[in-house]
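Encoded as structure tokens, the structure appears first; notes follow it.
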Ligand code: NAD
Ligand code: UDP
Ligand code: UDP
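Here you go:
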């Protein structure tokens, strides 16, 4: 199996690559423009005969021959996706279009990492996949959340327009061998869409502004934890190994999605700050600071479908995942644990 991972030098992408490389039958190609990712995240694979790393921007066409595409390329942290919003929307729209064109040409199955942000500031709680969302189309977050919504639309339009027709399906059911012939000789796009909820773990950018990385770095630097007002807004945090497991199950399974992948454990930002304080640095202060516009007030995945269709549910609780991330941040920041 030859697998392309776009955005594979980033946080989730590099953990996904680690998992895919464990299977000796896989060859992995990463395409990344290093905007928020780094070669360092993949250093253990550089030079490996089953691994290839290409500096490539997905807004440009890409010609490779692959069986599967995990399409992750897109900055995920609000600081970075707001930095050049036009580029963010191009990455989501043109980047996804290019990866779909590639999938169509080579007959590859393609998985898009969409986001819980497609639900916007949700009026339904927890969020099932059937909820259409409450998104501001002209706000500062729109380049990301509307961008992902268009990316999902493109995935389904390619699937419907270039999907296997009813007629072919009947032939395939009758003559099993024809499935492979048909799927590789005519345009045939198999899609998978994961709606990822907030994910955390080792290798997150230390200063990328997301809440878990901010709080851990602040706790280790003896700086106050900056809770953005009002602090009662909630998020649900999934440890990265659980996330990667969910993505691979979705790719290998039979359901297109969209499917929520996340940990339903829900915390207010004040609760998160108190947990980080208790686990990492009980002496630090928790400080209330100004928030940014359009911050969703609550977010928690309904993972009924992931449980039923993928046989997946997260295993790692926040209290168990935070110390694993702390250990990685200590190493990178050079802060030893006090005995
Ligand atoms: P990340 O920023 O660490 O990784 C994104 C990677 O994409 C980086 O390596 C970056 O250099 C690369 N990239 C960005 N623009 C590119 C372009 N135009 N061409 C090629 N490469 C490009 O983010 P992450 O947390 O690993 O997120 C990965 C995916 O998961 C993203 O699609 C994101 O939208 C989605 N997601 C993440 C979260 C989360 O909590 N981390 C939540 C929801 C969705
Ligand atoms: N594309 C790509 N790699 C390929 C095939 C296509 O990057 O192997 C790009 C192509 O450049 C185009 C996009 O994917 O911009 C959509 O391709 P498609 O064939 O669906 O549309 P068309 O080229 O007909 O506009
Ligand atoms: N947040 C916070 N302090 C920070 C960074 C973020 O309280 O230093 C809050 C932010 O207001 C939001 C939540 O944490 O309510 C999650 O923000 P993040 O940027 O991590 O992810 P997203 O908003 O994309 O879910």
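In the working numbering, the protein residues as written are 863 to 1201. Cβ atoms here follow ideal geometry from the backbone N, Cα and C, with glycine treated the same way.
Does DSSP classify residue i as helix, strand or coil?
| i | result |
| --- | --- |
| residue 996 | strand |
| residue 1015 | helix |
| residue 991 | coil |
| residue 1043 | Per-residue confidence for residue 1043 stands at a pLDDT of 46, beneath the threshold of 50, marking its modelled position as unreliable; the derived number appears in the next sentence. Reduced to three states, the DSSP call for residue 1043 is helix. |
| residue 863 | coil |
| residue 1087 | strand |
| residue 1098 | strand |
| residue 1092 | coil |
| residue 1129 | strand |
| residue 1149 | strand |
| residue 1154 | coil |
| residue 1200 | coil |
| residue 968 | helix |
| residue 1068 | coil |
Taking buried to mean at least 16 other C-beta atoms within 10 Å of its own C-beta, is residue i buried or exposed?
| i | result |
| --- | --- |
| residue 1009 | buried |
| residue 1042 | With a pLDDT of 49 at residue 1042, under the threshold of 50, the modelled position of that residue is not reliable, and the figure given next carries that caveat. Label assigned to residue 1042: exposed. |
| residue 907 | buried |
| residue 904 | buried |
| residue 896 | exposed |
| residue 1182 | exposed |
| residue 1003 | buried |
| residue 1154 | exposed |
| residue 909 | exposed |
| residue 1013 | buried |
| residue 922 | exposed |
| residue 1094 | exposed |
| residue 1196 | exposed |
Have a look at the DSSP bridge pairing and note the partners of residue i.
| i | result |
| --- | --- |
| residue 982 | 996 |
| residue 1140 | Beta-bridge pairing links residue 1140 to no other residue. |
| residue 1054 | 973 |
| residue 933 | 868, 974 |
| residue 915 | 892 |
| residue 1061 | 1100 |
| residue 1185 | Residue 1185 is not bridged to any residue. |
| residue 940 | Its beta-bridge partners do not exist; DSSP assigns none. |
| residue 1122 | 1057 |
| residue 1163 | 989 |
Compute the beta-carbon to beta-carbon distance between residue i and residue j, rounded to the nearest angstrom, for a pair I have assumed lies under 8 angstroms.
| i | j | result |
| --- | --- | --- |
| residue 1135 | residue 1089 | 5 angstroms |
| residue 891 | residue 920 | Contact doesn't hold; Cβ gap of about 13 angstroms is too wide. |
| residue 1108 | residue 1174 | 5 angstroms |
| residue 1067 | residue 868 | Actually they do not touch by this definition, with Cβ atoms about 18 angstroms apart. |
| residue 978 | residue 1059 | 4 angstroms |
| residue 1177 | residue 1104 | 6 angstroms |
| residue 1091 | residue 1140 | Contact doesn't hold; Cβ gap of about 22 angstroms is too wide. |
| residue 1096 | residue 1129 | 6 angstroms |
| residue 1099 | residue 1062 | 5 angstroms |
| residue 1005 | residue 951 | 5 angstroms |
Could you tell me whether the Cβ of residue i comes closer than 8 angstroms to any Cβ of chain B?
| i | result |
| --- | --- |
| residue 873 | The question asks about chain B, but that chain is absent: this structure has only one protein chain. |
_If contact is defined by three or more beta carbon pairs under 8 angstroms, each pair taking one atom from either stretch, is the region 1069-1077 in contact with the region 1109-1117?_
No, they do not touch.
*asked:* Would the region 1127-1146 count as touching the region 1079-1098 if we require 3 or more Cβ pairs under 8 angstroms?
replied: The region 1127-1146 and the region 1079-1098 touch, with no fewer than 3 CB-CB distances between them shorter than 8 angstroms.
*Should the region 960-974 be regarded as contacting the region 927-940, the criterion being three or more beta carbon pairs within less than 8 angstroms?*
The region 960-974 and the region 927-940 touch, with no fewer than 3 CB-CB distances between them shorter than 8 angstroms.
_Contact the region 1163-1179 vs the region 982-990: 3+ CB pairs below 8 angstroms_ = Flag = yes, the region 1163-1179 and the region 982-990 touch.
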